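Q: When you read off a place in the sequence shown, starting at 1, and then add 33, the result is the number in the numbering used here.
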Amino acid sequence: MVRMLVVETLEEQGYRTFEAEDVPSALMVLNSSQPINLLVTDVTLPGQNGRQLADAAKQIRPGLKVLFMTGYAHNIEVGNGSAMAEGMEIITKPFSLDGLAKKIQSMMAD
34 MVRMLVVETL
44 EEQGYRTFEA
54 EDVPSALMVL
64 NSSQPINLLV
74 TDVTLPGQNG
84 RQLADAAKQI
94 RPGLKVLFMT
104 GYAHNIEVGN
114 GSAMAEGMEI
124 ITKPFSLDGL
134 AKKIQSMMAD
C-alpha cells in the first residue's frame with residue numbers, strides 16, 4: 034500500500050519510477066542500465082533491512098541518493114547501527130504525500 038502511494042506521488046511529480054517488491058528485485062533494477070538517481074526504501078524489509086539494501090545499492094551506484102521510510106522514531110542510525118552516509122535521509126511515517134514530495138524535491142535539488 035505504501036509503495037503504491039509513493040510510486041503514484043513520484044509519478045505525479047514527473048519522476049520515472051521502478052518498483053521492486055523485495056531486495057533481490059531491487060538489486061536487479063539497480064544493476065540495470067536504467068538511469069536511477071534516488072532509492073526510496075523502507076527501513077524494515079523481509080530478509081534484509083533497508084540499510085543493507087542501500088549499502089549494496091551504493092556499491093552499484095556510488096552517487097545514488099537514498100530516502101529511508103520508517104515508522105519508528107527518527108534515528109541517525111538505520112538498520113546496521115552505522116551513521117547515515119552522505120546522500121541518505123529519513124522520512125518518518127506517517128508522512129503526508131505533500132511532505133514526501135517536498136522531501137524528494139529537496140534531495141534531488143542537492
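Yeah, the Cβ is synthetic: ideal placement off N, Cα and C, and Gly gets one too.
Small disclaimer: the values here were computed from a predicted structure and weren't measured.
1. Would a C-beta distance cut-off of 8 Å place Ile-69 and Leu-100 closer than the cut-off?
2. Per DSSP, which one or two residues make a beta bridge with Phe-1?
3. Could you pull out every residue in the same chain whose Cβ sits closer than 8 Å to the Cβ of Leu-86, ignoring the five residues on either side in sequence?
4. Out of Glu-52, Ile-137 and Val-62, point me to the one whose CA is closest to Met-34's CA.
5. What does DSSP give as the partner residues of Asn-82 in its beta bridges?
6. Whole-angstrom Cβ separation of Met-102 and Val-76, contact assumed at under 8 Å?
7. What's the C-alpha gap between Lys-98 and Gly-80?
8. Alpha carbons only, please: which of Arg-94, Thr-42 and Lys-126 is nearest the one belonging to Gln-67?
9. Could you say which of Thr-42, Lys-91 and Val-40 lies nearest to Met-117 if we only look at CA atoms?
A: Result, derived from the coordinates:
1. no
2. Residue 1 is absent from the structure shown; the chain starts at 34 and stops at 143.
3. Val-56, Ala-59, Leu-60, Leu-72, Thr-74 and Leu-78
4. Glu-52
5. Thr-77
6. 7 Å
7. 22 Å
8. Arg-94
9. Lys-91
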